[in-house]
Amino acid sequence: MAEPNTLKLAKQGNPKAIAAMINRSLRAKHIIAKVNRKDDCLQVLVESAQVPNQKAMVSFIRQGLTKLGVETIKTVQVYGRQQGQDSFAWNQSFDIESSPPQVADVHDSDPDLNLYHTPTDVASDNDISSDVDDIKSSVSEPPPGSNFAKVPRHAAAEGYTSSQTRQPSDNASHRSTHSSRSQPRQPMKPLSVGNVVSAGLRLYRDRFKLYFGLAFQAFLWGIVPIYGWAKLYQIQGIISRHAISEFAEQPETIESIRNQLDRKMWDFWTAQILIGLIAFAVNFGLSIVSGIIVGIASSLEAIINLVTLGIYLWVYAHFFITELPLAVEGNIKPKAAINRSWELSKGFVSNIMGIIAVATLITIPLGLIVFIPILITIPTVLINPSPEALITALGMLVPLLVISFACMGLLVMPFWQIIKALIYYDLRNRREGTGLQLHH
């Protein structure tokens, strides 16, 4: 039995079918469209090597959708962007008309883009394949640098919202359209601690074998001083970037990520050294200040210790995702990555600290592994408390503790890298609202 054709799906308001039709018509112009739908609002992002012409694109999309007669779509938001850019060059919203509007201001001679007659191709059955599987594959795999508010497979994401609000029309017979140059998006509601942690656990479960294998490689490299540590930090970045690609639905292979991050290996190492120096400076400064205060008023020691711990965690939360900009963004350097982590986390520090606290509680059961060797050696000492038995017990305990700590680290490290990736992904979306572009 044949699948419904694309035109029928598009008339029903299917965003994938609409995207397939738009892209088929825009292919010759080297323009890529991504379509998302939220209730009765259709959101269309168009991007190309040069910023697409706003008048022509809005006219093209408006006429095509009007011809389709999609009754379930009331509002359309169109965004234009140059490929490789994070922000929109323009955005415009309009309401679907009952009849095609007049667009006398768009001419064939438009130097940037002429699509005035193109909408006639949008409704053509002969120009579009009826194979729905082909449509889904072509739409679900966005080209590099294109990600229009897609919902991650492993996390429940908010629907895309525009920074532009529509105003009621003064003329009932003609709904006005309005546009503005792109403005910085307002952050969405604060990070959901539960969603971040649960999504991280789901992804870790789905990719356990892959991530555990990478963690084992990192553990082996960690035995080698300096160079091995740099490789360890790089592998941590590889895990985080792969997790990002999963959530952003821009899948990448481990090998391709490794090839891209090989040149940044020493950047990861340098960033960790800088973070270590910052942590040392913060600890040193807090120790001096708290020591002076406790010396003056010893009764405040407990309160001072709590305040000191809170300040340290506040600073730590700001630098929690430092390796993510290095792994995901372009030619960013360690110092810039530290600044980027600080800027992204502003206003969300309490949420990040909450996520860290919940994730720590989840990993506590794994910490019980460390106590297994102790439980094994205690009976030996109790049965025969002689010095020889104690030495024998310690000889057993030390290697068992090393193995236990190693196993715990192997299990926990990928989970924390996924959590960092999720926090970074969410902060980018909430602060910049443009989805992620994985730089190659």
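Residue numbers (full-length UniProt numbering): 1 to 440. Don't be surprised by glycine CBs; every beta carbon is placed ideally from N, CA and C.
Does I96 come out as helix, strand or coil in the three-state DSSP assignment? coil
So for Y425, helix, strand or coil by DSSP? helix
When the Cα of V44 is compared with those of W266, V58, Q50 and A10, which residue comes out closest? V58
Sufficient close CB pairs (3 or more, under 8 angstroms) joining the segment 239-256 to the segment 205-219: yes
Ends of the alpha helix (DSSP H) at K67? Q54 to L68
Hey, is the segment 244-258 in contact with the segment 300-317, meaning 3+ C-beta pairs nearer than 8 angstroms? No, because fewer than three Cβ pairs between the segment 244-258 and the segment 300-317 fall closer than 8 angstroms, the two stretches do not touch.
According to DSSP, which residues form a beta bridge with V35? Among the bridge pairs identified by DSSP, V35 is matched with V44.
Cβ-based neighbour list, G367, same chain, cut-off 7 angstroms, excluding 5 preceding and 5 following: Excluding residues within five positions, the ones whose Cβ falls inside 7 angstroms are M408.
In whole angstroms, what separates the C-alpha of P225 from that of T308? 32 angstroms
Alpha carbon of N53 to alpha carbon of K333, nearest angstrom: Roughly 35 angstroms between the two C-alpha positions.
Below 8 angstroms on the Cβ atoms is my contact criterion, and I expect A17 with L9 to pass it. Report the Cβ-Cβ distance as a whole number of Å. Going by Cβ atoms, the distance from A17 to L9 rounds to 4 angstroms, so yes, they are a contact pair.
Considering only residues of the same chain and omitting the five flanking positions on each side of K231, which have a CB-CB separation below 7 angstroms? Result list for K231: W221 and M265, in chain order.
Is the Cβ-Cβ distance between I293 and I278 less than 8 angstroms? Not in contact: I293 and I278 (Cβ atoms no closer than 8 angstroms).
Can you give me the start and stop residues for the alpha helix (DSSP H) that V282 sits inside? Counting along the chain, V282 sits inside the alpha helix (DSSP H) bounded by residues M265 to I296.
The alpha helix (DSSP H) spanning R24 covers which residue range? P15 to L26
I need the straight-line Cα distance from S245 to I96, nearest angstrom please. 35 angstroms
From I275 to W229, what does the alpha carbon distance come to, in whole angstroms? 15 angstroms
Where do the ends of the beta strand (DSSP E) carrying R202 lie? Element bounds for R202: not the beta strand (DSSP E) but the alpha helix (DSSP H), V193 to D206.
Let me check understanding here. Comparing Cα to Cα, which of I418, Y79, S290 and H318 lies closest to W342? H318
Which first and last residues belong to the alpha helix (DSSP H) in which T308 is found? E301 to H318
With C-beta atoms as the reference, is K420 less than 8 angstroms away from F268? no
In this structure, does DSSP put V51 in helix, strand or coil? coil
Do the segment 412-427 and the segment 78-86 make contact, defined as three or more Cβ pairs closer than 8 angstroms? no
If you count every other CB in all the chains shown that lies within 10 Å of the CB of Y227, and 16 or more means buried, which is it? exposed
Quick one: residues in its chain with C-beta nearer than 7 angstroms to the C-beta of K11, no 5 flanking neighbours on either side, listed in chain order? L68, G69 and V70
Helix, strand or coil: which one does DSSP assign to Y351? A small correction: the amino acid at residue 351 is Asn; Tyr does not occupy that position in the sequence shown. Correct three-state label for N351: helix.
Going by other Cβ atoms of all chains shown within 10 Å of its Cβ, with 16 needed for buried, is Q50 buried or exposed? exposed
Near C41, what residues of its chain come up, given a Cβ to Cβ distance below 6 angstroms and the 5 sequence neighbours on each side ignored? T75
Write down the C-beta distance between A336 and T322 rounded to the nearest angstrom, noting that I regard them as a contact closer than 8 angstroms. Actually they are not in contact, since the Cβ atoms of A336 and T322 sit about 10 angstroms apart, beyond 8 angstroms.
Per DSSP, Y211 is paired with what? DSSP output for Y211 lists no bridge partner at all.
CA-to-CA distance, R205 to Q92, given in whole angstroms: Straight-line measurement puts the Cα of R205 at about 41 angstroms from the Cα of Q92.
Whole-angstrom C-beta distance between L261 and Q234, which should lie under 8 angstroms: 6 angstroms
How long is the line joining the alpha carbons of S48 and L26, rounded to whole angstroms? 10 angstroms
DSSP state of T6 mapped onto helix, strand, coil: helix
Report buried or exposed for F280, applying the criterion of at least 16 other Cβ atoms within 10 angstroms of its Cβ. exposed
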